[in-house]
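Engineer: Going down the list, the sequences are from chains B and A. Heads up, the first sequence is in our numbering, so the first residue is 9 and it goes up one at a time. Heads up, the second sequence is in our numbering, so the first residue is 9 and it goes up one at a time. Beta carbons are placed, not taken as given, at the ideal position from N, Cα and C, and that holds for glycine. Below you'll find the structure I mean.
Protein chains: 2
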Amino acid sequence: MPRKPKPVKRTAQAANAIDYGPLEDWVGFRLRMAQSASFQAFARLAHDVNLKPGRFATLMLIGRNPGISQTALSLANGRDKSTLTPVLNDLVKRGLVRRSRTPDDRRTYQLALTAAGQRMLKQLAACAISHDRNLDRIIGRRDRAHFLSILRRIEVELSSDRANEKPSGRRSR
Amino acid sequence: MPRKPKPVKRTAQAANAIDYGPLEDWVGFRLRMAQSASFQAFARLAHDVNLKPGRFATLMLIGRNPGISQTALSLANGRDKSTLTPVLNDLVKRGLVRRSRTPDDRRTYQLALTAAGQRMLKQLAACAISHDRNLDRIIGRRDRAHFLSILRRIEVELSSDRANEKPSGRRSR
DNA sequence: GTAAAAAAGTTTTATTGCCAACCTTCCGCT
DNA sequence: AGCGGAAGGTTGGCAATAAAACTTTTTTAC
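Below, the structure written as structure tokens:
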């Protein structure tokens, strides 16, 4: 059976021949590439579940903190609060999240998972466990805790930097 | 006409009281949060330079690999090739990048920096060095190499997974 | 040689994200 | 009270991204 042999891919520059220059060891670049790879790997795992991978953290945080407000939720998962509005609209419409008014403060909503939302969270958690097992293998059990602590430090220190803005060393063009 | 109020963001709900559940130690989540913080910190540093931070890797890769094709470039910086089209249009329009046809293959373009593009790259490199020095301080010199090697491993291993994955991504449009 | 398949780029469509402006509600003052 | 500012949430505008469909050109199969 004459299956067509795959021709050798001939891009102008093979990917392994690329010169990354300073990017090679630039933490910001590697962080972005690793995050992108991790996200897409999880998306493949979670493909069967009828929910976008970005919704996972939202569901988990609501499930763990019933009654949480939208602003607190947006802070917890590092997204702008306006980003949350369409997401929650969708989750409520699909019967996964319940949004109820707070009696003593009519500005805020109280968020909670419905029974269906909890089932969905369980399915996603199964994907996450599988994904995390992959990452465990890649990182190595011994380094995992240390690696996580560095990620947390980056997150915390750079976020607090937001307060003291850099003095602008303006360059002319 | 009411004067627009200066909004001062206050952490109304204590973010430290949030229960992150399994997210607390989930590598994918921490990667996303750290990457987001790093990206925004760099964006603040590069604010003065008249170029979006996302363009930096693109310029660096073109500068280091003159004659590279768009597809090879998209692979090298981990973005879809369709994403590159408007970016390059903009860079060409601003005189930073030159796009020329390859004589023996009229499908591909050859990308290269103009003199202005090289100057811009130098400015951005200065920001990157400053940013990286911050990250050095946070990570710690001793752990830096190890941390980078883990990020590279995540990137490589999870990307290679993509090849032998089920091709079942049917989406209606 | 010619037709089919593959590759490079572009366009279209949809999602996700931020920011700024806005509305409503609450709270602190006087 | 009632006024002004602060806080919770929504809306609109814009940028970045990816996936699929499409165009042009090249390569492969026969």
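Is the shortest distance between the beta-carbon of B/Lys43 and the beta-carbons of chain A less than 9 Å?
Structural biologist: Here the question's residue 43 of chain B lines up with position 35 in the first sequence. In the sequence under discussion, the amino acid at residue 43 of chain B is Gln, which differs from the Lys named in the question. At least one chain A Cβ lies under 9 Å of B/Gln43.
Engineer: Excluding the 5 residues flanking B/Gln43 on each side, which residues of the same chain have their C-beta closer than 6 Å to its C-beta?
Structural biologist: Along the first sequence, read from residue 1 onward, the residue named residue 43 of chain B stands at position 35. Closer than 6 Å at Cβ, skipping near neighbours: no residue.
Engineer: Let me see if you follow: with CB-CB separation under 9 Å, is B/Gly148 close to chain A or not?
Structural biologist: The count along the first sequence starts at 1 and reaches residue 148 of chain B at position 140. With 9 Å as the cut-off, B/Gly148 counts as an interface residue toward chain A.
Engineer: Starting from A/Arg38, find everything on chain B with Cβ-Cβ shorter than 8 Å and list it in chain order.
Structural biologist: On the second sequence, residue 38 of chain A is found 30 positions in, with the first residue counted as 1. By Cβ distance, chain B contributes Leu156, Leu159, Arg160 and Glu163.
Engineer: Which residues does DSSP pair with B/Leu53 in a beta bridge?
Structural biologist: By one-based count along the first sequence, residue 53 of chain B stands at place 45. BP columns for B/Leu53 are empty, so no partner.
Engineer: For B/Arg150, count neighbouring C-beta atoms within 10 Å of its own C-beta (all shown protein chains included) and say buried if the count is 16 or more, exposed if not.
Structural biologist: Position 142 of the first sequence, counting from 1, holds the residue named residue 150 of chain B. The residue in question, B/Arg150, is exposed, as its Cβ has fewer than 16 Cβ neighbours within 10 Å.
Engineer: Taking 8 Å as the cut-off, does the segment 22–42 of chain B touch the segment 98–110 of chain A (at least 3 CB pairs, one atom from each stretch)?
Structural biologist: Segments in contact, no.
Engineer: Just the chain A side, please: which residues come within less than 9 Å of B/Gly125 by C-beta, in chain order?
Structural biologist: Residue mapping note: residue 125 of chain B aligns to position 117 of the first sequence, counting from 1. Those within 9 Å of B/Gly125 in chain A number zero; the least Cβ separation is about 14 Å.
Engineer: Classify B/Thr66: buried if its beta carbon has 16 or more other beta carbons within 10 angstroms, exposed otherwise.
Structural biologist: Indexing the first sequence from 1 puts residue 66 of chain B at position 58. Buried, because 16 or more other Cβ atoms sit within 10 Å of the Cβ of B/Thr66.
Engineer: My assumption, with CB atoms under 8 Å, is that A/Ala120 sits in contact with A/Arg106. Please give the rounded CB distance.
Structural biologist: Locating residue 120 of chain A in the second sequence gives position 112, counting from the first residue. Locating residue 106 of chain A in the second sequence gives position 98, counting from the first residue. Correct: roughly 5 Å between the Cβ atoms.
Engineer: Does the distance between the C-beta of A/Asp27 and the nearest non-hydrogen atom of the ligand NAD fall short of 8 Å?
Structural biologist: In the structure shown, the ligand NAD is absent, as is every other ligand, since no ligand is present at all.
Engineer: Decide if B/Gly103 is buried, meaning its Cβ has at least 16 other Cβ atoms within 10 Å, or exposed.
Structural biologist: Numbered from its first residue, the first sequence carries residue 103 of chain B at position 95. It counts as exposed.
Engineer: Please state whether DSSP places B/Arg107 in a helix, a strand or coil.
Structural biologist: By 1-based counting over the first sequence, the position of residue 107 of chain B is 99. B/Arg107: strand per DSSP, three-state reduction.
Engineer: Between B/Ala80 and A/Phe37, what straight-line distance do the alpha-carbon atoms span, to the nearest angstrom?
Structural biologist: For the purposes of this step, residue 80 of chain B is taken as the residue at position 72 of the first sequence. For the purposes of this step, residue 37 of chain A is taken as the residue at position 29 of the second sequence. So the two alpha carbons sit approximately 17 Å from each other.
Engineer: Let me know if B/Arg109 comes out buried or exposed under the rule of 16 or more other beta-carbons within 10 Å of its beta-carbon.
Structural biologist: For the purposes of this step, residue 109 of chain B is identified with residue 101 of the first sequence, where counting begins at 1. When all chains shown are included, B/Arg109 counts as exposed.
Engineer: Put B/Leu59 into one of helix, strand or coil per three-state DSSP.
Structural biologist: Numbered from 1 along the first sequence, position 51 holds the residue referred to as residue 59 of chain B. Note: B/Leu59 maps to coil in three-state DSSP.
Engineer: Say whether chain B places a C-beta atom closer than 9 Å to the C-beta of A/Trp72.
Structural biologist: As a working mapping, residue 72 of chain A is identified with position 64 in the second sequence. For clarity, residue 72 of chain A is Arg in the given sequence; the question names Trp instead. True, the Cβ-Cβ gap to chain B drops below 9 Å.
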